[in-house]
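Numbering (my numbering), first residue to last: 99 to 382.
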């Protein structure tokens with residue numbers, strides 16, 4: 099059997115095992131659980147409100163943005179955190195020692211993070227079926243669009259998270275960089291409000307990054323066609339959404355492997371021990 103394919107198959111199995119372990123580990127699922135519950139609570143309090151001047155439920159207008167934001171929150175930040183921590187505790191060094199071990203490791207991490215993100219999205223959608231009027235009327239095309247945007251969003255987010263986790267010097271630095279990236283992009287993405295309210299240069303900046311397009315794609319899937327009037331050009335722009343997210347996914351998939359290989363080549367037992375001693379000194 100081809101060694102790479104064998105490693106990928108082992109990675110799939112590992113990812114499934116890690117995902118099942120996460121479901122029973124509060125420490126591993128804490129961030130995802132808290133963020134998902136917070137979003138559900140927001141939907142609950144918005145369930146009876148309307149967007150001013152329209153018949154659109156405020157919860158219906160908010161849900162697509164929440165779904166779009168949940169993907170980089172779980173995918174990018176999860177990848178950054180896992181990679182930086184497992185770099186420190188020696189997991190990556192052990193993976194490096196196996197034939198095609200990094201391939202198996204990366205496949206496993208992608209599988210586990212993707213599954214945990216999908217679970218969070220499903221919980222929010224189920225809550226939306228109770229709190230968002232009209233969501234039950236979304237046809238098969240709308241749900242297929244949600245699946246498609248989710249897949250593209252994960253492909254765009256996970257490699258970027260792997261890159262940040264690989265270049266960061268410590269888990270603390272990795273966490274800071276990932277939160278800064280997601281927070282900054284959220285502020286200018288228009289994911290919860292019409293981007294037309296921002297200055298022109300901020301609109302152009304938002305168009306470069308995937309978060310704006312994730313929000314737009316989710317709104318196109320879950321909101322009525324008339325809501326497109328609030329978007330730039332009065333259109334959902336499905337072709338542009340797909341192309342931008344695909345471009346980020348391809349760029350990340352091309353960029354992440356060489357950076358990860360370079361990072362793995364630098365790993366050694368002495369470096370792991372040095373980082374462990376520094377961590378013990380901080381605790382002490």
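Using N, Cα and C, we set each Cβ at its ideal position, and we do this for glycine too.
Taking a 10 Å sphere around the C-beta of residue 270, we find fewer than 16 other C-beta atoms and assign the residue as exposed. When the alpha-carbon of residue 339 is set against those of 213, 308 and 233, the nearest one is in 308.
The criterion of a C-beta distance shorter than 8 Å is satisfied by residue 325 and residue 154. DSSP places residue 255 within a helical segment (H, G or I) once states are collapsed to three. When secondary structure is reduced to three states using DSSP, residue 155 falls in the strand class. The segment 258-267 makes contact with the segment 169-182, as at least three CB pairs between them are under 8 Å. Cβ contact annotation for residue 214 (same chain, cutoff 8 Å, sequence separation greater than five): 117, 120, 127, 130, 172 and 176, in chain order.
In the same chain as residue 162, and ignoring 5 residues on each side of it, the C-beta atoms closer than 8 Å to its own belong to 313, 316, 317, 319, 320 and 321, in chain order. Taking the C-beta atoms as reference points, residue 227 is found nearer than 8 Å to residue 233.
When rounded, the separation of the alpha-carbon atoms in residue 246 and residue 350 is 18 Å.
Your pair residue 230 and residue 141 checks out as a contact, with CB atoms roughly 7 Å apart and the cut at 8 Å. Annotation: residue 276 to residue 283 spans about 11 Å, alpha carbon to alpha carbon. The secondary-structure analysis by DSSP pairs residue 148 across a beta bridge with 155. If you check the CB distance, residue 280 and residue 170 come in under 8 Å. For residue 139, the closest C-alpha among the options 123, 160 and 334 is that of 160.
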